[in-house]
Structure formats: C-alpha cells, structure tokens
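Chains as they are written, first to last, in the numbering used here: chain A, 4 to 354; chain B, 4 to 354; chain C, 4 to 354; chain D, 4 to 354. For each residue, glycine too, the CB sits at the ideal point set by N, CA and C. What follows is a set of notes on a single structure, which appears directly below.
Protein chains: 4
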Amino acid sequence: MTSQTRRDFTSDNIAGAAPQILAALAHANAGTAASYGADPFTAALERTAEELFERPVGIFPVATGTAANALALSVLARPFEAVYCHAAGHIMTDECGAPEFYSAGAKLLGLPARDGRLQPEQIAQAVAFARSMGVHHVQPAVVSISQATEWGTVYGIDALAALAAQAHALGLTLHMDGARFANAVARLGCTPAQATWKAGVDILSLGATKNGALAAEAIVVFDPARAAELSFRRKRSGHLWSKMRFLSAQLQAYLTDDLWLRNARQANAMAERLAAGLAALPGCRLVQPMEANELFIALPPAVPARLRAAGYGFYDWPAPDGETDPVVRLVTSFDMTPADVDGLLAAARAG
Amino acid sequence: MTSQTRRDFTSDNIAGAAPQILAALAHANAGTAASYGADPFTAALERTAEELFERPVGIFPVATGTAANALALSVLARPFEAVYCHAAGHIMTDECGAPEFYSAGAKLLGLPARDGRLQPEQIAQAVAFARSMGVHHVQPAVVSISQATEWGTVYGIDALAALAAQAHALGLTLHMDGARFANAVARLGCTPAQATWKAGVDILSLGATKNGALAAEAIVVFDPARAAELSFRRKRSGHLWSKMRFLSAQLQAYLTDDLWLRNARQANAMAERLAAGLAALPGCRLVQPMEANELFIALPPAVPARLRAAGYGFYDWPAPDGETDPVVRLVTSFDMTPADVDGLLAAARAG
Amino acid sequence: MTSQTRRDFTSDNIAGAAPQILAALAHANAGTAASYGADPFTAALERTAEELFERPVGIFPVATGTAANALALSVLARPFEAVYCHAAGHIMTDECGAPEFYSAGAKLLGLPARDGRLQPEQIAQAVAFARSMGVHHVQPAVVSISQATEWGTVYGIDALAALAAQAHALGLTLHMDGARFANAVARLGCTPAQATWKAGVDILSLGATKNGALAAEAIVVFDPARAAELSFRRKRSGHLWSKMRFLSAQLQAYLTDDLWLRNARQANAMAERLAAGLAALPGCRLVQPMEANELFIALPPAVPARLRAAGYGFYDWPAPDGETDPVVRLVTSFDMTPADVDGLLAAARAG
Amino acid sequence: MTSQTRRDFTSDNIAGAAPQILAALAHANAGTAASYGADPFTAALERTAEELFERPVGIFPVATGTAANALALSVLARPFEAVYCHAAGHIMTDECGAPEFYSAGAKLLGLPARDGRLQPEQIAQAVAFARSMGVHHVQPAVVSISQATEWGTVYGIDALAALAAQAHALGLTLHMDGARFANAVARLGCTPAQATWKAGVDILSLGATKNGALAAEAIVVFDPARAAELSFRRKRSGHLWSKMRFLSAQLQAYLTDDLWLRNARQANAMAERLAAGLAALPGCRLVQPMEANELFIALPPAVPARLRAAGYGFYDWPAPDGETDPVVRLVTSFDMTPADVDGLLAAARAG
C-alpha cells in the first residue's frame with residue numbers, strides 16, 4: 004500500500020490547491036497592477052460572474068468562508084435583528100461568533116433539522132413567535148442555509164424555492180452559505196442561476212477553497228443596492244487585499260472551463276464510490292442521505308478502529324437519536340482518485 | 004524608452020510577488036496538510052520568528068495590514084479606551100474604521116507631527132487631559148505608531164525607546180504598524196529585536212505584502228499572555244485561513260535568507276537614487292527627510308506635468324504649511340531597478 | 004366589586020412606586036448636589052450596600068434591568084466568549100439582544116431546564132463540547148441565572164452553590180439576574196450575602212423596579228477588580244445619570260428598614276394566597292412550583308375566559324410538554340392586598 | 004451672606020428637579036399602568052410633542068443626554084460612516100465613546116470652530132476629502148451640532164438652515180444635540196418647529212434634565228421612517244423603562260404651560276445679569292458671545308481666587324489662543340435667583 008492510498012478523509016480543506024489555480028497566480032504576477040481591486044483580473048472576474056449567473060451581480064472576493072458569511076450577513080441583518088439557521092450550522096457553531104461580530108450583535112437563532120435542511124413551516128413559526136414578543140425580541144430578518152448542508156445533504160431546487168418564498172413572504176432575506184456550492188450544483192445538475200437567485204437566494208457565499216483554490220471565496224450579491232455597502236464593510240474588516248489580483252485570479256481560474264464543476268464532480272464521484280463500497284460492508288449504513296462529498300455513516304466499532312490503525316484520518320461525529328453504533332464523517336476532495344477510495348475500502352474490509 | 008523604464012511610482016503595493024514567495028507557495032502545495040494552522044509550515048514559521056526576534060513570540064499570520072493592525076489594537080484597547088496615533092496615520096484615515104470595528108468602538112485620537120513621528124511629550128499631555136476628564140472621556144490605553152512613518156521617516160532607536168518609556172510609564176502599551184518595517188530596519192541597520200521589543204514595542208504588525216509577498220502580514224506579540232486571545236479574535240474575524248500553510252509559507256520564505264531585508268534594501272536604495280537625482284533638478288526639494296522608500300518632494304509645476312505626460316504614475320500630496328509648489332509622493336519597490344529610476348529622472352529633466 | 008378588586012395580574016412592572024421611594028425622591032431634591040455620582044446620596048448607598056452584603060462591593064445604579072444585566076455580562080464575557088443561560092431566560096428572549104450589544108457580540112447559549120433551574124452537569128457538558136471545538140467555537144466564560152427564575156422557582160442555596168462551584172471549577176463566572184432577587188431572598192429566608200457571594204455569585208443584577216422603585220436597579224460587583232471597568236461602561240452606554248442622586252436615593256430607600264424585603268414578602272404572600280385559592284378549584288394545578296411571586300397554572304378553559312370577562316389581565320403562557328389545558332401566568336405585586344387576590348378568586352369561581 | 008447667595012455655578016446639572024416635575028411623578032403614580040410605553044402618559048406625550056413641533060414626530064424618552072445622542076446617531080450613521088462635529092463637542096469628548104458604541108464604531112471627525120458653530124464650508128471640504136479617499140475612508144453621513152453650543156453660543160436660524168442645506172446637498176443628515184435646546188429657543192424667540200425641522204434638522208436630542216427634569220430627555224425624530232428602528236435600539240440598549248409613565252410624565256410636565264421655556268428664560272436671564280455684572284469689573288471680558296446660560300469669561304487672576312475663597316464653584320476652562328488671563332466657565336440654572344447672581348458678583352468685587 005503506497006502513501007497515496009492512505010489519503011486523509013478528515014476534511015476537504017486539507018487538500019492543496021489545484022494546479023490551474025497556482026498557474027493563475029503565477030500568470031497574474033507579471034508586471035504591476037493597480038491595487039485594491041482596480042486591476043484587470045478583478046474586472047474580468049466581474050464579467051465572468053455575470054455570465055455565470057446570467058445577470059448583473061456584485062462579486063466581492065475574500066480569502067475565507069467565515070469572512071464571506073459574516074460579511075454577507077452584516078448587510079442583511081441589523082444589530083437588533085435575527086438570523087435563522089440550522090442549530091448545528093457552520094455560522095452557528097464553527098465561526099467563533101463571526102456573524103455576531105460583523106453584524107454588531109445580531110442574533111443567530113438555531114432551528115433543528117434532522118437532515119440539515121430547514122423547512123418553510125419552521126421559519127413561519129419562529130417568525131410568528133418573535134413578532135408576538137414585540138420590542139423585547141430581536142426582529143426576524145434573514146434565513147441562512149448551507150448548500151450543501153452541514154450533513155452532506157442538498158436542498159432540491161423546489162425545496163429551496165419554497166423556503167425562499169416563505170422567507171420573502173415574511174419580509175426576510177435568504178443567505179446561502181455555499182462553502183460546498185459547487186458540490187451541490189454538480190449534484191443538482193442545474194445552472195448556477197437556477198441554484199441561486201432564480202430560486203430566491205439573495206446573497207451567496209461562493210466557496211472555492213475547499214474545492215481547489217488556495218484561499219478564495221466570494222460574496223455574490225444579487226441585489227445591486229447592497230453592493231456599495233459591502234465595499235466598505237470588506238475594507239473595514241481587513242478583507243480587501245491590496246494586491247487583489249491574486250484573489251481575483253484564483254476565482255477567475257476556478258470559474259473558467261468549468262474547473263469548479265469538474266473538481267466538484269470528482270469529489271462527489273469519489274464520495275459515491277466510497278458510499279457504495281462501505282454500504283456493502285456488513286453493519287455499515289449511512290445516517291444521512293449522501294448527496295455531495297460528505298458521508299455520515301454508522302459503522303460497527305471494529306471498522307473505524309481498523310481504519311485508524313491503517314493510518315486513515317476522519318472525524319467521529321455525534322450520532323443521531325436512536326443510533327447506537329459509532330458514526331463517522333468521511334469527506335472526499337477534488338484531488339482524490341479511485342485508488343485513494345479503494346485503499347480506504349480495503350482497509351475497512353481488512354478485518 | 005522601454006516599458007520597464009515607465010515603471011509606476013504610485014505605491015509599493017502595485018508590485019507583484021517576489022519569485023521566492025511564489026516558489027514557496029508551489030512547494031507548500033505538495034500533499035495534504037492539517038488545516039487552520041496545525042500544519043508544519045506554520046510550526047516552522049513560529050520557530051523562525053522566535054529566532055528572528057531572539058525570544059518567545061506569538062506570531063499570527065493574516066492576509067492584510069489592516070487586519071494585522073486592527074487585530075493587534077483589539078487586544079490592547081478595550082471598547083472604552085483610547086489609542087493615540089498620528090493625525091494622518093494609516094489606522095486613522097486609510098482603514099475605513101477597521102480599528103474601531105475590531106475594538107468595538109475604541110477611539111483613535113490623532114496627534115499632529117510635522118514629520119510623522121510622535122513625541123513623548125505629546126503623549127504625556129494627551130493622557131493628562133484625558134485623565135482629568137474622569138469617566139466622561141475614553142481612557143488612554145495605547146500608542147500606535149508607523150515605522151517607517153506615513154511621511155517616509157523612520158523613528159531612531161532612541162526616539163522609539165523614549166516614546167515607549169513614556170507610554171509604559173503612563174500605563175499604556177505601544178503598537179507598531181510595520182507595513183514598511185523591513186524598510187525601517189534596513190535603514191536603521193539594527194536587529195529586529197532592537198527595532199521592537201528591546202525598545203519597548205509590545206505588538207508589531209509585521210508587513211510583507213508591500214515588500215514582496217503576495218498577501219501576507221503577521222501580528223507579532225511579545226507578551227505571550229495576549230496570544231491566546233488573538234487566536235480567537237483572528238478566527239472570529241475570518242482571518243484564519245483553512246489552508247493556513249499558504250500564508251505561513253509566504254512568511255517563511257520572506258524571513259529566510261534575509262529576503263525581507265534584501266528586498267527592503269533594494270527599495271530603499273532606489274529611493275535614494277531617486278532622491279539624489281531629483282534633488283539635482285532646479286527647484287526640487289524634499290519636504291520630508293527621505294529615510295525609507297517614500298519620497299515627499301516639492302517640484303516646480305512643470306515637472307509633475309512632464310512626468311505624467313511620459314506615463315508615470317504617482318500621487319499628488321497635501322503640501323505642508325508654507326510650501327507653495329506642488330508636492331508629490333513617489334514610492335519605490337523591491338523589484339525596481341536603477342533603470343526604472345533613471346527613466347523617471349530622464350523624463351523629469353526632459354523639459 | 005370595586006375597581007381595586009379588579010387588580011391586573013399581568014406583571015409586577017405595572018405597579019407604581021412605593022410611597023417611601025417617592026418620598027425619598029422629594030427628600031433628595033433639596034438643594035444642589037454634585038453630578039454624576041459625586042453626591043452624598045450615592046456615597047450613602049455605597050455604605051448601605053456594603054453593610055447589606057457584609058463585605059466591600061461595587062454598586063452601580065442604573066434605571067433598568069436590561070441595562071444591569073447587559074452591563075454585568077459585558078465585564079464578564081469578551082466578544083469571543085459564551086454565556087450559558089436558560090433557553091427561555093430573560094437575557095435570551097426578552098432584551099432584544101442587549102447582552103450581545105453590550106458585550107460586542109458574545110454569544111448566549113441556551114440550555115433547557117423544565118423548572119427554570121440550570122444544573123451543574125449541563126454546564127459541564129456544554130463547556131466540554133465547546134472546548135473540544137477549539138478556536139472555532141466561542142469560549143465558555145459565564146453562567147447567567149435568574150433568581151427567582153423565569154418560571155417562578157427559586158434556586159436553593161445548596162443548588163446555587165453547586166452550580167457556582169461547577170462554573171468556577173471550569174474557569175467560568177456566575178452572574179445572577181436578580182430582577183426578583185427580593186422575592187427569592189424572602190422565600191429563602193437567608194441573608195443577601197448567603198444568597199450571593201457566599202454561594203459563589205460574582206455579579207448580581209439587583210432589581211428594585213418590580214418591587215417598588217420608580218426606575219432603579221443596581222449592578223453589585225463582588226470582585227472589586229471589575230468595578231473600575233463598569234464605571235466607564237456605564238457612562239459609555241448612557242446609563243450614568245447626571246443627577247445621580249435620584250437613582251441612589253431610590254435604592255437607599257429601598258434597602259432601608261427592610262423595605263425591599265417587606266415589599267417582597269407581601270408579593271410572595273399574595274402569590275401564596277392566590278395559589279392556594281386556585282388550587283382549590285377543580286382542574287386547576289400549578290405547572291411549576293410556586294416559590295416567589297409568579298404562578299404558572301393550568302386551568303380549565305372556562306376559568307381564564309371568566310377572568311378576562313371580569314376584566315382581569317394576565318398572560319397566556321406556553322404549556323409544558325404533556326399539558327393540554329391552557330396555562331396562564333399570574334404575577335403578584337408588593338402593593339397587592341388580600342382583597343385584590345380574593346377578587347380574582349371570586350371571579351374564577353363565579354361560573 | 005446666606006447659603007443661598009453661595010450658589011454653585013459649576014453646571015446646570017447640579018440643580019434638583021423643578022417642583023412641577025416632581026408633582027407630575029406623584030400624579031403618575033396612581034394605580035397601575037401598562038408597562039414599556041403602552042401607558043396613557045406616553046400617549047399623551049406623543050400628542051403634546053406633535054402639537055409642539057406642528058407635525059407628526061416620533062418621540063422616544065430616555066433618561067440621559069448621552070443615551071439620546073448615541074441612539075440618535077446610531078440610526079443616522081452606519082458602522083463604516085462618519086459623523087462630523089465640533090472638535091470639542093460633547094459627543095466627541097464627554098461621552099466616553101458612547102456614539103462609537105451605539106453605532107458599532109462609526110467615526111466622529113472633529114472640526115474646529117472658534118465659537119462652537121460649524122460652518123457649511125467646513126462640511127463641504129471635509130466631505131470632499133473623505134470622498135476622494137474612496138473605500139479607505141469612513142463615509143460621510145451625519146453632521147451633529149449642539150444647540151446651544153459647547154461654548155454657550157447659539158446658531159441663528161439662518162446659519163442653521165445654511166448648515167442643514169449644505170449637509171443635505173451632500174447627502175448627509177443633521178443631528179442636533181439639544182441638551183440646552185430650551186435655552187437656545189428662548190434666546191432665538193422662535194418656535195420649536197422653526198428651530199428644528201423647518202431649518203433642516205433631521206433628529207433632535209431634546210434635553211430636559213439640565214432645565215428642571217429629574218432625569219428625562221427625548222429623541223425627537225422628524226422622519227417617521229426612522230422611528231421603528233429606534234424602538235428596538237432603545238430596548239436593546241436598556242433605555243426602555245418598564246414603568247415608562249415616569250419618564251413620559253416628566254416630559255409632559257416639562258412641555259406643559261411652557262415650563263421648559265419659562266425655566267430656560269430664567270436661566271438665560273440670570274446669565275445675562277451675571278455677564279453684565281462681571282463685564283463691569285475691570286479686566287473681565289467674555290471670550291465667547293453669551294447667548295444662552297453659560298459664560299466663558301477671562302478674569303484677572305485675583306477674581307477667581309476671591310470667588311473660590313468665598314465658596315463659589317465653577318470650572319477653569321482652556322483659554323483660547325492669545326488669551327493670557329485665566330478663563331472660567333459659569334453656568335446658570337432654571338432655579339437661580341437674582342440674589343444668587345448678585346452674591347457672586349459681590350464676592351467678585353470684594354477685593
């Protein structure tokens with residue numbers, strides 16, 4: 004067994020950058036370029052984004068997903084307002100309070116969802132309660148979802164549209180944390196426009212880092228009126244690069260020749276191969292539908308022990324109610340090969 | 004005249020990255036690496052920083068100088084406290100309120116200084132006034148200086164130590180915005196330790212982007228007690244990269260084999276060449292001592308007109324009191340050559 | 004039936020001020036007095052507070068409970084930290100995000116508790132989870148409880164001490180929202196010292212408005228090191244009255260001759276009379292132990308209908324799981340008489 | 004000399020409350036009243052305010068001027084925006100950073116003005132500079148003035164209208180800190196409408212505490228669209244009283260039967276008597292026009308010494324450039340009598 008077959012399944016952020024992204028950096032390095040986004044790479048990215056989304060958009064590159072999410076929410080939620088999200092969503096539990104920081108104290112209100120997907124009725128009930136409390140309660144302003152979700156599931160277009168319609172009917176906006184947007188779109192087989200504004204998304208955090216960029220995400224704003232504010236908020240938070248060309252060039256390469264989709268399809272395909280292989284093992288079963296590049300799977304205790312003994316990395320995960328076997332999370336990446344997956348499967352079977 | 008001789012003197016942030024930095028990124032890209040700073044590149048950087056500064060330090064890489072400054076100030080100044088800085092300092096006028104954002108509203112109080120260098124007596128007077136106001140006034144907490152300053156001057160070690168001693172005697176800490184720290188150290192000919200904590204600096208924003216990095220700065224904390232807090236504040240602000248190796252590798256390359264000093268010496272030398280050449284022209288005179296890589300120079304009106312006609316870029320600058328000729332700022336970079344400078348000088352003389 | 008017997012049971016904050024409090028205001032009005040707390044009334048209050056709590060304390064009068072809670076939390080929780088509280092606690096649901104505002108975005112994490120009382124094990128589990136998440140999760144800093152609780156129950160001294168011990172063992176502090184502190188102490192029959200710092204409370208929001216003041220609460224700080232910071236935070240938030248004597252005089256009167264306890268005992272006694280009377284009605288039963296001046300009671304639907312028809316005010320309340328009858332909240336006040344209570348009981352029986 | 008003639012001239016906030024205000028509190032205390040502003044006293048105040056200002060307004064009572072100013076600014080300035088004010092204005096130097104706190108870090112930019120009155124040209128220049136800086140500079144949003152000013156002067160209606168017109172032409176709003184609004188209106192002899200919205204004021208901090216209230220100010224909003232936001236911000240900051248009737252009743256009494264104007268006229272008249280008396284003394288001269296109830300006066304050194312020896316209180320004040328004699332500030336109050344003033348004058352002459 005070579006070292007390549009002992010590939011780590013801990014997360015998609017332990018991969019490096021795709022070669023096309025590194026090449027784009029080298030290309031962008033030639034000569035001087037105006038700073039703070041007045042460079043031709045950024046201008047080109049803006050055109051690319053509008054073609055991709057089939058409409059005028061504001062696109063604001065930043066280096067991290069936390070920055071993208073927190074900045075996006077800061078233009079949607081005033082300090083005395085509320086953001087509804089999944090109770091275990093990334094913005095709720097994994098960003099050290101970034102949304103609260105950027106919004107000057109807006110409140111995230113977590114809603115439960117077995118498979119990570121919020122339902123329109125939950126929003127309706129939560130908003131009704133909040134509004135019944137009058138001035139004493141933070142005011143409903145935003146629904147924020149992850150696509151793909153924290154549990155590896157993907158909102159279907161209809162479910163997304165229904166959620167957006169409910170949010171809008173109540174006067175709320177819809178933010179999509181698309182850290183794994185590419186994996187979701189690859190799964191859905193739809194256009195980026197269908198996956199976002201056509202379904203009612205108001206602001207998208209467009210992820211690239213987990214899917215091949217070095218450090219690049221973007222806030223994509225479908226309502227041009229919010230774009231001006233983001234320019235200042237980005238600068239004020241230290242997320243405007245002086246040599247912005249190096250952010251924009253990453254994203255430009257990412258969106259060129261479908262690199263983003265090709266990478267995501269590879270990660271998704273490896274996840275499917277992994278799921279199929281593990282499902283064939285006695286006692287292994289998915290505890291969430293596998294719809295992107297993350298598996299949440301219950302395993303007989305011997306299996307994770309064998310995998311760890313063989314040098315494989317992955318996270319133990321909280322088991323859902325009623326599940327007695329240990330649950331683990333396995334994440335695949337754009338740069339994994341069938342041999343990487345097969346290596347893990349072989350180790351899992353080795354006992 | 005080739006395109007190389009029409010080099011732009013607008014700022015040092017229009018240059019690209021040094022080849023050693025790009026090579027380091029490519030090198031760091033091999034294989035997987037633990038995310039969020041648990042990678043070997045970050046560990047190596049921490050060792051390098053401690054060798055460089057000759058003592059234990061906390062080092063926190065981020066992508067921008069605004070982030071470095073604002074994060075540094077956020078651990079030194081509580082929301083009801085005051086930061087004294089130059090009235091035209093970068094944190095005061097060029098960061099869209101980032102220090103106020105990160106510190107939850109601490110107040111920057113600007114002090115005048117003809118050459119950009121604050122004096123101990125100014126601090127003493129300002130603190131005495133603030134404290135006479137009791138609970139009604141924000142409380143003095145920090146002195147923040149730029150080294151090199153906004154006016155291209157450099158604090159001497161003795162002046163720095165005197166300022167730090169005054170700050171400390173009053174219970175304040177000293178932050179150094181070192182966006183051009185390398186240029187200052189190159190000028191001073193001292194060690195990084197002498198230029199910082201040995202003279203009394205408590206926290207340093209260590210710049211690299213203007214001097215050859217793609218996007219990399221670091222907060223260097225000389226008091227380990229403040230380091231834990233910074234970990235959380237960096238994450239919370241979205242400045243912790245998931246693929247942190249790509250930040251750390253830039254800084255590691257920057258600090259290896261004196262790349263930082265070699266680059267700064269080149270920029271400084273080009274500034275000296277430029278200053279000498281312009282000083283020889285009738286009616287041209289520096290309005291600030293030229294001590295790093297920025298010139299502030301008064302010129303007969305025909306000169307800037309000629310330079311612009313020849314395609315040179317640079318900023319007009321507010322003239323100091325009593326100066327009637329136009330003043331411009333010219334900035335040199337690590338990647339400029341004597342030919343670049345001579346090209347500008349020829350154009351200046353061409354009339 | 005006179006209008007006095009149709010007394011409103013909606014809340015204890017619909018009552019006016021006790022005559023002793025109004026008299027104290029009139030008394031304090033004589034002559035000039037130094038502003039912003041340098042007056043003799045404030046000095047006297049500080050002595051009174053130290054006698055009452057049997058130790059040095061910092062006492063900071065403010066006009067509202069929301070201000071007291073939010074200011075107290077702002078000195079205990081840094082922006083990247085977490086406050087554990089009851090999932091339906093006042094600070095969580097009724098203050099429009101004030102704790103988040105004052106703490107610059109610290110996160111409130113709600114824990115469930117059937118009777119409103121948090122358990123030490125809950126804190127231990129929540130902190131263990133948070134710390135397992137490293138830099139990605141807000142850091143545990145504070146446990147905040149209400150005494151009496153939101154559900155009208157009262158922590159016993161042993162339960163309080165156990166909770167405080169757990170918090171302190173984990174490095175957290177304990178804040179007590181004492182909007183109804185007097186009712187709790189009256190119930191417990193202990194000293195204020197026993198009810199607070201001797202059991203491990205670090206900061207108390209001492210309520211007076213619901214119990215007879217016009218508008219007066221106080222933050223009582225048992226750790227003198229935190230007092231200086233509060234002076235500035237109170238001023239900065241606009242809660243330092245220029246004519247501070249009018250806040251201090253209210254509290255001084257409140258704490259003089261046991262007015263606070265006498266008022267609370269009256270309210271508690273009226274609640275007991277009310278509970279006893281309602282419990283005698285077929286189908287009425289308390290859904291929470293009645294330990295202060297609030298009743299949460301399930302009633303046959305005809306009863307609340309009759310009460311409302313008779314002009315009585317009170318809130319419907321969410322029923323606990325498994326309760327099918329409507330639940331209402333009835334609150335008694337310091338200025339209620341047996342006739343007030345008997346009037347409601349008569350109306351309840353009238354069918 | 005009786006104690007009445009040794010009246011303190013330190014500030015108008017050392018006076019007590021007017022008897023009409025205390026009577027209103029006692030009157031409001033009868034019976035229960037709905038909490039949080041749903042009481043008849045608050046409703047009556049809203050009607051009174053609309054009559055006084057001759058148009059629909061939002062009026063939001065709070066207990067302090069700092070709260071009124073900071074809340075008002077928080078709805079006018081977003082976190083990345085700028086507020087222009089006098090360099091020594093109350094919001095700049097005397098509120099411990101309250102505007103920065105409430106606005107989540109908006110920046111106050113101080114402009115000099117010899118007599119405390121900002122000029123339209125200053126606004127135009129400052130805004131032009133800020134806008135030339137692009138995304139790097141906080142964005143101009145608000146002009147905030149004090150009326151009467153910090154220097155005891157009063158903007159004439161024409162000067163006010165010119166300033167407002169300039170602000171509006173540039174897209175900025177105008178906030179008036181009316182801590183001494185009554186003194187200014189009494190001086191101007193105009194209507195409240197003429198003194199505010201008819202001249203272009205967008206939001207007024209209406210002071211009452213310095214002029215006879217116990218603790219009561221109000222934010223008066225002339226643009227109804229901003230009112231909803233203020234409801235939540237006031238609650239969130241802990242400035243919504245549960246027994247709101249006690250704030251509203253103070254203001255209602257204040258605005259009834261011209262109490263506010265009668266009180267202010269008395270204070271202004273006493274200031275005129277004081278100014279006339281002191282001006283007659285050799286070597287005494289006003290260093291600011293005396294237009295409300297504050298005198299800034301240069302005195303031969305023996306005079307303040309004599310006054311202090313006689314037991315009079317007042318502040319030394321920074322002398323304007325070129326003034327070599329000591330300068331003091333003397334403030335008169337609504338409850339001062341000619342005998343109070345004459346006592347000071349006699350003591351001043353006593354040498």
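Terminal residues of the beta strand (DSSP E) in which residue i lies
i, result
"R311/C", "Not the beta strand (DSSP E): R311/C falls in the alpha helix (DSSP H), residues 305-312."
"T176/A", "176-181"
DSSP state of residue i mapped onto helix, strand, coil
i, result
"P292/C", "coil"
"R117/C", "coil"
"W320/B", "strand"
"P123/D", "helix"
"L243/D", "coil"
"L209/A", "strand"
Rounded straight-line distance, which links the Cα of residue j to that of residue i
i, j, result
"A196/A", "Y315/A", "38 Å"
"R352/D", "A305/D", "10 Å"
"T340/B", "L250/B", "28 Å"
"E54/B", "F63/A", "38 Å"
"T13/B", "Y318/B", "6 Å"
"V204/D", "L163/A", "45 Å"
"L175/D", "R229/D", "15 Å"
"D261/A", "A75/B", "40 Å"
"D328/A", "L298/A", "15 Å"
"D338/D", "A36/C", "13 Å"
"E326/C", "P292/A", "36 Å"
"L114/C", "D11/A", "35 Å"
"Q128/C", "L177/C", "17 Å"
"R239/D", "L281/C", "37 Å"
"H242/A", "E294/A", "32 Å"
"T8/D", "D345/D", "Reliability of the predicted coordinates at T8/D is poor, the pLDDT of 47 falling under 50, and the value obtained from them is presented with this limitation in mind. Near 7 Å, if we compare the C-alpha coordinates of D345/D and T8/D."
"T212/A", "A182/B", "27 Å"
"A21/A", "R50/A", "23 Å"
"H89/B", "A101/D", "23 Å"
N- and C-terminal bounds of the alpha helix (DSSP H) containing residue i
i, result
"L277/D", "262-282"
"H93/A", "93-96"
"P195/C", "From DSSP, P195/C is part of no alpha helix (DSSP H); its letter is neither H nor E."
"G369/D", "The first residue shown for chain D is 4 and the last is 354, placing residue 369/D beyond what the model contains."
Contact test: residue i Cβ vs the ligand PLP heavy atom, cutoff 7 Å
i, result
"L264/B", "No copy of the ligand PLP occurs in the structure displayed, which carries no ligand at all."
Pull out every residue of the segment 122-143 of chain B whose Cβ sits closer than 7 Å to any Cβ of chain C, in chain order.
-> Residues V138, H139, Q142.
Quick one, which residues of the segment 236-253 of chain B are near chain C if we go by CB-CB under 9 Å, in chain order?
-> Of all residues in the segment 236-253 of chain B, the ones placed with a Cβ closer than 9 Å to any Cβ belonging to chain C are R236, R237, K238, R239, L243, in chain order.
Can you give me, in chain order, the residues of the segment 205-232 of chain C that have a beta carbon less than 9 Å from any beta carbon in chain D?
-> Result list: T212, K213, A216, L217, A218.
Note down, in chain order, all residues in the segment 77-98 of chain D with a beta-carbon under 7 Å from any beta-carbon belonging to chain A.
-> If the cut-off is 7 Å between Cβ atoms, the segment 77-98 of chain D has P82, F83 near chain A.
Contact residues within the segment 102-116 of chain A, judged by C-beta distance below 7 Å to chain D | For the segment 102-116 of chain A, the beta-carbon criterion of a distance under 7 Å to any beta-carbon of chain D is satisfied by A107.
Residues, ordered as in the chain, of the segment 143-157 of chain D that lie near chain A by beta-carbon distance below 8 Å = Those residues of the segment 143-157 of chain D that come within reach of chain A (Cβ to Cβ, closer than 8 Å) do not exist; the list is empty.
Could you list the residues in the segment 21-32 of chain B with a C-beta less than 8 Å from some C-beta on chain A, going in chain order?
-> Within the segment 21-32 of chain B, the residues whose Cβ lies closer than 8 Å to some Cβ of chain A are L25, L28, A29, A31, N32, listed in chain order.
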